[in-house]
Amino acid sequence: MDPKILNTYAQNTWCPGCGNFAILNSIKYVISSLVDEGHTLENFVLVSGIGCHAKIVDYINVNSFYSLHGRAVPPAEGIKIANDKLKVIVFSGDGDSYGEGIEHLIFAAKRNIDITVIVHNNRVYGLTTGQFTPTSPLGYRGRSTPQGTKELPLNPLEVMLASGATFISRGTSHGLELLKKLFKEAILHKGFSIVDVLQVCVTYYNMYEYYDKKTYELSQHDYSDYASALNKIREWDYNRDASIPLGVFYKKDIPDGALPVKKGADKSQRQDNLRGLLKEYI
């Protein structure tokens, strides 16, 4: 399927050079390739939060749901539990997922529910013009911190590993081939998967040159080994000037934690209950 078929008539309002374009083009390519491999287009559902990243669902002609800021994960979990056939993909910003929504992210990872979370991690609140986020480095100067931030950033991948996520990876918006590979592998993974994309905000925090200089792709890394994954994740803490590994850090195949809930949901009985309520109150 030609990825252009997924285009919409919505006007794209991202800044020229925004890293979101790489994520948009990569996910359209991956969805198209999965459809070619036999997956049904109607079974893809996109869920977004609030922020520059969230506009991505306007630009892809696929079933989608806009949620509240920091709350993209809970409706995604509900959608997956209601219909296990669906491929549910969450798009969220770093402030969205790692700030207000961190508790939802942690518990989704803990449950190992079969959804994919793609984080547009530009390490700044771009839509609200440049405030610091949980992954902004110490000393970051923005609208809300003109003298520099006074706190160290969060290492979200370490949090995800500790929380029980079974697929943890990182890419950049300047590496499309790796991004496509990570997106596809994450979507096909049976369990909770997260792709942290170092997505550059050209307007408020342009890191293209820095990432091009510092990033490298993992090779000969045993992603099934927890200790090895932790060591690689800690190689860069989102603050210090160090090499930044990209690729799959951790992958483990264990049962979807939501399976007991799915199996216990008798849909026919639920429909009868709904009919009874409608008859009684309407």
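Taking my numbering, the leading residue of the sequence shown gets 1, the next gets one more, and so forth.
Beta carbons: idealized from backbone N, C-alpha and C, even for Gly.
1. Tell me which same chain residues have a C-beta within less than 6 Å of the C-beta of T116, skipping the five on either side of it?
2. What's the gap between the Cα of E37 and the Cα of V62?
3. Please determine, among S64, P16 and I233, the residue with the shortest C-alpha to C-alpha distance to A162.
4. Touching or not, the stretch 41-57 and the stretch 237-245, by the rule of three or more beta carbon pairs under 8 Å?
5. Assign P245 to one of three DSSP states: helix, strand, or coil.
6. Closest to H221 by CA distance: which of Y250, Y125 and V35 is it?
7. Does the contact criterion of 3 or more C-beta pairs under 8 Å hold for the stretch 72-87 versus the stretch 120-138?
8. In angstroms, rounded to a whole number, what distance separates the CA positions of V159 and E42?
9. So, are the CB atoms of V248 and S169 less than 8 Å apart?
10. Can you list, in chain order, the residues of its chain whose CB lies under 7 Å from that of K110, leaving out five sequence neighbours each side?
11. According to the Cβ coordinates, are T135 and P146 closer than 8 Å?
12. Any heavy atom of the ligand HEM within a distance shorter than 7 Å of the CB on E235?
13. Just curious, the beta strand (DSSP E) that V195 is in, first and last residue?
14. In whole angstroms, give me the CA-to-CA distance for N231 and L198.
15. Please check the pair H285 and H120, which I expect to be a contact at CB under 8 Å, by giving their CB distance rounded to whole angstroms.
16. Within the same chain, show all residues whose beta-carbon is closer than 7 Å to that of V202, passing over the 5 residues directly before and after it, in chain order.
17. In whole angstroms, what separates the C-alpha of Y281 from that of I81?
18. For H104 and T133, I'd like the C-alpha separation in whole angstroms.
19. Which residue from L157, G49 and I79 puts its Cα closest to that of N167?
20. Could you check the C-alpha separation between K184 and R141 for me, to the nearest Å?
21. Could you give the first and the last residue of the continuous beta strand (DSSP E) run that contains N121?
22. For A227 and D253, what's the separation of their Cα atoms in angstroms?
23. One question on the structure: do I244 and Y205 come within less than 8 Å of each other, judged by their Cβ atoms?
24. Following the continuous beta strand (DSSP E) through F65, name the residue where it begins and the one where it ends.
This is what the structure gives:
1. Here residue 116 refers to the residue found at position 116 when the sequence shown is read from its first residue. Within the same chain, I89, A186, I187 and S193 come within 6 Å of T116 by CB-CB distance, once the 5 residues on both sides are set aside.
2. Reading the sequence shown from its first residue, position 37 is the one you call residue 37. Reading the sequence shown from its first residue, position 62 is the one you call residue 62. Their Cα atoms are separated by approximately 17 Å.
3. Translated into the one-based positions of the sequence shown, residue 162 becomes position 162. Relative to the Cα of A162, the nearest Cα in the group S64, P16 and I233 belongs to I233.
4. Output reads no: the stretch 237-245 does not touch the stretch 41-57.
5. Stepping through the sequence shown from its first residue, residue 245 is reached at position 245. Strand at P245.
6. Within the sequence shown, numbered from 1, the residue matching residue 221 stands at position 221. Checking every option, the nearest Cα to that of H221 belongs to Y250.
7. These segments do not touch.
8. As a position in the sequence shown, residue 159 is number 159, starting the count at 1. As a position in the sequence shown, residue 42 is number 42, starting the count at 1. Their Cα atoms are separated by approximately 33 Å.
9. Here residue 248 refers to the residue found at position 248 when the sequence shown is read from its first residue. Here residue 169 refers to the residue found at position 169 when the sequence shown is read from its first residue. Closer than 8 Å, so yes.
10. In the sequence shown, counting from the first residue as 1, residue 110 sits at position 110. Counting only Cβ-Cβ distances below 7 Å, and skipping sequence neighbours, we find S163 and G164.
11. Translated into the one-based positions of the sequence shown, residue 135 becomes position 135. Translated into the one-based positions of the sequence shown, residue 146 becomes position 146. With respect to P146, T135 sits apart: the two C-beta atoms are not nearer than 8 Å.
12. Looking for the ligand HEM in the displayed structure turns up nothing, as the structure carries no ligands at all.
13. In the sequence shown, residue 195 corresponds to position 195, counting from 1. It spans S193 to L198 - the beta strand (DSSP E) in which V195 sits, taken as one unbroken run.
14. Counting from one through the sequence shown, the residue named residue 231 turns up at place 231. Counting from one through the sequence shown, the residue named residue 198 turns up at place 198. Separation of N231 and L198 (C-alpha to C-alpha, rounded to the nearest whole angstrom) is 19 Å.
15. No statement about residue 285 is possible, as the shown extent of the chain runs from 1 to 282 and does not include it.
16. Position 202 of the sequence shown, counted from the first residue, corresponds to residue 202. If the five residues before and after V202 are omitted, its C-beta is found closer than 7 Å to the C-beta atoms of C15, G17 and C18, all from its own chain and listed in chain order.
17. The count along the sequence shown starts at 1 and reaches residue 281 at position 281. The count along the sequence shown starts at 1 and reaches residue 81 at position 81. Computed Cα separation, rounded: 27 Å.
18. The count along the sequence shown starts at 1 and reaches residue 104 at position 104. The count along the sequence shown starts at 1 and reaches residue 133 at position 133. If you take the alpha carbons of H104 and T133, they lie about 17 Å apart.
19. What you label residue 167 is simply residue 167 of the sequence shown in a count that begins at 1. Strictly speaking, residue 167 in this sequence is Phe, with Asn absent from that position. The shortest C-alpha separation from F167 is found at L157.
20. Taking the sequence shown and counting its residues from 1, one reaches residue 184 at position 184. Taking the sequence shown and counting its residues from 1, one reaches residue 141 at position 141. Straight-line Cα distance between these residues: approximately 36 Å.
21. Numbered from its first residue, the sequence shown carries residue 121 at position 121. Counted as a single uninterrupted DSSP element, the beta strand (DSSP E) harbouring N121 occupies residues T116 to N121.
22. Taking the sequence shown and counting its residues from 1, the one referred to as residue 227 is at position 227. Taking the sequence shown and counting its residues from 1, the one referred to as residue 253 is at position 253. One C-alpha to the other measures close to 17 Å.
23. In the sequence shown, residue 244 corresponds to position 244, counting from 1. In the sequence shown, residue 205 corresponds to position 205, counting from 1. No, the Cβ-Cβ distance between I244 and Y205 is not below 8 Å.
24. What you label residue 65 is simply residue 65 of the sequence shown in a count that begins at 1. Unbroken beta strand (DSSP E) run through F65: N63 to Y66.
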